[in-house]
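J.:
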Amino acid sequence: MPPYTATYFPVKGRLGAIKIMLADKGQELKEVLVGMEEWQKGDLKATCVFGQLPKFEDGDLVLFQSNAILRHLGRNHGAYGKDSREASLIDMMNDGVEDLRSKYIKLIYQEYDTGKEAYLKDLPNSLCKFEKRFNSDFLVGNEVSFADYNLFDLLLNHLVLCPKSLDNFPKLNNLVKKMSARPKIRALLDSEAFKKIPINGNGKQ
Ligand code: 6SG
105 MPPYTATYFP VKGRLGAIKI MLADKGQELK EVLVGMEEWQ KGDLKATCVF GQLPKFEDGD
165 LVLFQSNAIL RHLGRNHGAY GKDSREASLI DMMNDGVEDL RSKYIKLIYQ EYDTGKEAYL
225 KDLPNSLCKF EKRFNSDFLV GNEVSFADYN LFDLLLNHLV LCPKSLDNFP KLNNLVKKMS
285 ARPKIRALLD SEAFKKIPIN GNGKQ
């Protein structure tokens with residue numbers, strides 16, 4: 105089977121959770137990195153369904169939208185719940201992760217210097233919603249889902265933004281601890297290739 109291919113900028117950004125999930129599932133990923141100069145030529149952008157990256161190829165299936173990619177991989181690799189009820193709950197939690205990720209991206213790209221204090225003040229109001237959902241090591245049911253990988257990736261970013269951000273959230277700390285300890289995820293996080301790419305495209309983190 106040919107490996108999956110992802111085309112993206114040289115940042116973790118919206119590919120981070122996808123890479124973590126693929127690593128944990130023992131899947132190879134071929135990466136095509138696109139620099140600013142090449143992207144600004146516009147040829148690649150014109151071929152992207154919504155004019156944006158990441159682009160993800162699974163054989164002849166071409167996908168855009170990072171959450172659609174996560175769902176696709178969740179379906180393919182048994183990370184989408186044990187039945188349709190769990191799948192719906194996983195969708196709900198992942199949409200919640202997307203809401204927080206959108207706020208984070210807005211902070212990073214639009215108001216880092218003026219808005220960080222207010223962002224961190226409000227952050228517990230978002231994090232407590234996730235904290236309350238954990239009855240096991242995972243957001244939904246007893247198995248890892250794509251929403252867990254997505255939340256884990258976003259929490260790692262927040263620990264860089266503010267190392268104390270999870271201090272009052274034992275369940276979120278547990279997620280970070282347990283996910284970081286999964287051997288294939290640990291190997292990815294420790295790899296030079298992963299460590300050297302910046303989280304975001306503007307140098308802010
Ligand atoms: C930005 O927002 O890296 N894609 C981004 N930006 C380029 O022309 N809803 C979808 C999804 O979930 C959102 C996609 C996402 O998949 S990612 C994109 O394609 C555009 O709109 C964040 C990121 N930004 C870095 C960046 C892109 C262009 C300028 C700055 C770094 C420099 C040049 C290329 C890379 Fe750069």
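Quick note: the sequence shown uses our numbering, first residue 105, plus one each step.
Just so it is clear, CB atoms sit at the ideal spot from N, CA and C, and this is done for glycine as well.
Just so you know, these numbers come straight off a predicted model, no measurement behind them.
Could you tell me the alpha carbon to alpha carbon distance between Val248 and Val280, rounded to whole angstroms?
T.: If you take the alpha carbons of Val248 and Val280, they lie about 13 Å apart.
J.: Going along the chain, which residues of its own chain have a beta-carbon closer than 7 Å to the beta-carbon of Asn246, five neighbours each way excluded?
T.: For Asn246, where only same-chain residues beyond five positions count, the Cβ hits under 7 Å are Ser240.
J.: Measure from the alpha carbon of Asp217 to the alpha carbon of each residue in Asp294, Thr109, Gly307 and Ala110, then state which is nearest.
T.: If we check each option's Cα against that of Asp217, Gly307 comes out closest.
J.: Return the first residue and the last residue of the beta strand (DSSP E) that Ala136 is part of.
T.: Residue 136 is actually Val in this sequence, not Ala. Leu133 to Leu137 is the extent of the beta strand (DSSP E) around Val136.
J.: Once the 5 residues before and after Leu193 are set aside, which same chain residues still bring their CB inside 6 Å of it?
T.: Result list for Leu193: Val244, in chain order.
J.: When the Cα atoms are used, what is the spatial distance from Gly185 to Asp128?
T.: So the two alpha carbons sit approximately 16 Å from each other.
J.: Name the two residues that bound the continuous beta strand (DSSP E) containing Glu161.
T.: Per DSSP, Glu161 belongs to the beta strand (DSSP E) from Lys159 to Asp162.
J.: Just curious, the beta strand (DSSP E) that Val166 is in, first and last residue?
T.: Val166 -> beta strand (DSSP E) spans Leu165 to Phe168.
J.: Just the Cα atoms here: how many angstroms apart are Lys299 and Phe250?
T.: Each residue's alpha carbon lies about 22 Å from the other.
J.: Can you determine whether any heavy atom of ligand 1 sits closer than 6 Å to the C-beta of Ser206, and answer yes or no?
T.: Outside the cutoff, so no.
J.: Distance check for Leu276 and Lys210, CA to CA, integer angstroms please.
T.: The alpha-carbon atoms of Lys210 and Leu276 are separated by roughly 22 Å.
J.: Starting from Ala183 and walking both ways along the beta strand (DSSP E), at which residues does that stretch end?
T.: That residue, Ala183, is in no beta strand (DSSP E); it is neither H nor E in DSSP.
J.: Let's test the definition: count the other Cβ atoms within 10 Å of the Cβ of Tyr213 and tell me whether it reaches 16, buried, or not, exposed.
T.: Exposed, because fewer than 16 other Cβ atoms sit within 10 Å of the Cβ of Tyr213.
J.: List in chain order: all unbroken beta strand (DSSP E) runs of 3+ residues lying wholly within the segment 195-244.
T.: None, since the segment 195-244 contains no complete beta strand (DSSP E) of that length.
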